[in-house]
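Read the structure below first, then the notes.
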Amino acid sequence: MKTVAVLIAGFLLLSFCPLTYAVEKPCEFCHVGHAGGALLNSDMDALCSGCHMERLAAGEHKTGMSPPMVVMRLPLYSGKVACPTCHDPHARTGAMLRKPASELCLSCHVK
88 MKTVAVLIAG
98 FLLLSFCPLT
108 YAVEKPCEFC
118 HVGHAGGALL
128 NSDMDALCSG
138 CHMERLAAGE
148 HKTGMSPPMV
158 VMRLPLYSGK
168 VACPTCHDPH
178 ARTGAMLRKP
188 ASELCLSCHV
198 K
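Residue numbering for the sequence shown follows this note's numbering, beginning at 88 and increasing consecutively.
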C-alpha cells in the first residue's frame, strides 16, 4: 500500500512541480522532506528572498502587510500579502505571476 502512495505522490509532484525545478532546486530546498503535507522550511518571504535578494530593492511591493482593500482572487497568508500572493512558486512561466501583469495589480488596487 505504501508503494501506491509513493507512486501517487510522485505523479502529483511532477504534475504540479516541473521536473526542471526538481533538477535546479530539490523540493527539500523549500519544503520539509517526508513531513507530509506542504510544510515549508521557513517563512515564505524568507524562502523567496533567500534566492531573490534583488527583489528587496526600493520600489518593490511590500510583503507582510495586511491590505487595506479587498483582495480579489489572490491568496493571502494569515491575512497578509506574501510573495506567493502574486507569484506562484510552482508556475511554469518566467515571472511566475498568478495573473497577467496587466490584471494582477488591479486585483487589489483601483486605477
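Here a beta-carbon is modelled for each residue, glycine too, at the ideal position from N, C-alpha and C.
Values in this document were obtained by computation on a predicted structure and should not be read as measured data.
Inter-residue CB distance, residue i and residue j (contact presumed, cutoff 8 Å)
i, j, result
"C117", "N128", "6 Å"
"C135", "C170", "4 Å"
Rounded straight-line distance, which links the Cα of residue j to that of residue i
i, j, result
"C138", "M131", "12 Å"
"P72", "C195", "Residue 72 falls outside the range modelled here, since the chain spans only 88 to 198, and no answer is possible."
"C192", "T150", "14 Å"
"A178", "L184", "8 Å"
"L143", "A133", "11 Å"
"R160", "H148", "18 Å"
"G166", "E190", "21 Å"
Exposed unless 16 or more other CB atoms sit within 10 angstroms - verdict on residue i
i, result
"V168", "buried"
"A109", "Confidence in A109 is poor, its pLDDT being 46 and thus under 50, which makes the residue's placement unreliable; the coordinate value appears in the next sentence. Exposed, since its Cβ has fewer than 16 Cβ neighbours within 10 Å."
Close beta carbons around residue i, own chain, < 8 Å, minus the five adjacent residues each side
i, result
"D175", "M183, L184 and R185"
"V119", "L126, L127 and N128"
"M156", "C195, H196 and V197"
Own chain residues within Cβ distance below 6 Å of residue i, not counting five before or after
i, result
"V158", "C195"
"Y164", "none"
Neighbour flag for residue i against chain C, beta carbons, 8 Å
i, result
"D130", "In the displayed structure, chain C is absent; only one protein chain is listed."
Residues near residue i by beta carbon distance below 7 Å, same chain, minus five either side
i, result
"P154", "V168 and C195"
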